[in-house]
Amino acid sequence: RPQERREERSCGSPPRPSPSRLPPPAAAAAGAGPAPGWEVLKDFLMEGPLLEAVMRVVGCGKQSVQDERVREESGAVMEQAVLLALRLVGRVLATDEAFVAASRASGWAAYATFDRILWADPRKLLSLLEYVCYPVEYDGGAMVREAVGLLATVSARQPALVQKLIQIGTPPGGGTPFYKRLRDGMAHALDDALELETAMEAQ
208 RPQERREERS
218 CGSPPRPSPS
228 RLPPPAAAAA
238 GAGPAPGWEV
248 LKDFLMEGPL
258 LEAVMRVVGC
268 GKQSVQDERV
278 REESGAVMEQ
288 AVLLALRLVG
298 RVLATDEAFV
308 AASRASGWAA
318 YATFDRILWA
328 DPRKLLSLLE
338 YVCYPVEYDG
348 GAMVREAVGL
358 LATVSARQPA
368 LVQKLIQIGT
378 PPGGGTPFYK
388 RLRDGMAHAL
398 DDALELETAM
408 EAQ
């Protein structure tokens with residue numbers, strides 16, 4: 208059996224973990240080269256420029272996307288951009304826990320999961336969740352499905368989400384409190400899902 212090669216250590220520095228024994232994110236941190244999506248995850252969890260750009264796209268607001276979709280030919284492009292942004296956020300939430308665990312295990316960086324970043328910044332949270340109320344007739348419900356998925360993930364990790372939304376209260380411009388609009392949007396989404404199921408069964 209060949210003798211295992213020992214890694215060189217600099218005096219006074221901690222041992223460098225072996226990349227072959229680490230999950231992809233931690234292996235990337237150890238110098239094995241970035242795994243697919245590693246830079247995206249790192250940017251989101253460090254609230255970097257990519258996350259800022261994504262939130263600018265999403266932050267235009269459901270009503271603005273809806274109005275643009277009705278009035279202008281470019282509305283479909285705007286709608287697609289928001290949909291892709293929501294999907295990217297969904298992928299981050301699907302992989303961030305494993306990334307954070309691997310990073311902590313490797314002793315490199317102590318990231319927080321993305322739901323905690325959203326929890327600390329209600330503006331980001333509201334910008335994402337309001338698309339639960341997007342009219343399904345415009346895009347076949349694609350945007351609503353993504354937003355509902357985000358809502359399900361965040362609420363599973365943050366059991367006090369409802370209380371958080373109630374505390375946010377009424378938008379600065381007045382009108383219906385956000386949690387009530389979100390509740391109504393979820394109700395519409397369920398109604399649409401039931402109607403679709405009924406239509407499919409009738410075929």
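One rule links them: number in this note's numbering = place in the sequence shown (from 1) + 207.
All residues carry an ideal CB built from backbone N, CA and C; glycine is no exception.
Pick from L252, C267 and V343 that is closest to S334, judged by C-alpha positions: Within the sequence shown, residue 334 is the residue found at index 127, counting from 1. Among L252, C267 and V343, the Cα nearest to that of S334 belongs to C267.
Through-space distance from A312 to G348, alpha-carbon basis: Taking the first residue of the sequence shown as position 1, residue 348 is located at position 141. Taking the first residue of the sequence shown as position 1, residue 312 is located at position 105. For G348 and A312, the distance between alpha carbons rounds to 39 Å.
Under 8 Å between C-beta atoms of G297 and G244: Here residue 297 refers to the residue found at position 90 of the sequence shown. Here residue 244 refers to the residue found at position 37 of the sequence shown. Not closer than 8 Å, so no.
Closest residue to P318 among K387, T383, L252 and V343 (Cα-Cα distance): Counted from its first residue, the sequence shown places residue 318 at position 111. Correcting the residue identity first, residue 318 is Tyr in this sequence and not Pro. Nearest option by C-alpha distance: L252.
Which of helix, strand or coil DSSP assigns to C340: Taking the first residue of the sequence shown as position 1, residue 340 is located at position 133. The DSSP-derived three-state label of C340 is helix.
Spatially closest choice to K371 from V299, G392, Y338 and D328, by CA coordinates: As a first step, residue 371 is located in the sequence shown; it is residue number 164 there, counting from the start. For K371, the nearest C-alpha among the options comes from D328.
With 16 other Cβ atoms within 10 Å as the buried cut-off, status of L291: One-based indexing of the sequence shown puts residue 291 at position 84. L291 is exposed by the Cβ-count criterion.
Given F385 as reference, the closest of L332, P366, Y345 and V272 once Cα atoms are compared: What you label residue 385 is simply residue 178 of the sequence shown in a count that begins at 1. The candidate whose alpha carbon is nearest that of F385 is L332.
The segment 271-291 / the segment 337-354 touching (three or more Cβ pairs under 8 Å): Yes: at least three Cβ pairs fall under 8 Å.
Buried/exposed call for A417, threshold 16 Cβ in 10 Å: Any answer about residue 417 is impossible in this case: the structure gives the chain only from 208 up to 410.
Given V294 as reference, the closest of L258, A308 and S362 once Cα atoms are compared: The residue labelled residue 294 in the question sits at position 87 within the sequence shown. The displayed chain sequence assigns Arg, not Val, to residue 294. It is L258 whose Cα lies nearest to the Cα of R294.
Rounded straight-line distance, which links the Cα of G314 to that of Y345: Here residue 345 refers to the residue found at position 138 of the sequence shown. Here residue 314 refers to the residue found at position 107 of the sequence shown. When rounded, the separation of the alpha-carbon atoms in Y345 and G314 is 47 Å.
Endpoints, alpha helix (DSSP H) assigned at E286: Working through the sequence shown from its first residue, we reach residue 286 at position 79. Looking at the DSSP string, the run of the alpha helix (DSSP H) that includes E286 is G282 to S313.
Straight-line gap, H395 to Q270 (C-alpha atoms, nearest Å): In the sequence shown, counting from the first residue as 1, residue 395 sits at position 188. In the sequence shown, counting from the first residue as 1, residue 270 sits at position 63. A direct Cα-to-Cα measurement between H395 and Q270 gives close to 16 Å.
Assigned secondary structure, T320 (DSSP; H/G/I helix, E/B strand, else coil): To locate residue 320, count along the sequence shown from 1; it is residue 113. Of the three classes helix, strand and coil, the one that applies to T320 here is coil, per DSSP.
Burial state of A234 (16 or more Cβ within 10 Å): Position 27 of the sequence shown, counted from the start, is the residue given in the question as residue 234. Low confidence applies to A234: its pLDDT is 47, below 50, so where it sits in the model is not reliable enough to give any reading.
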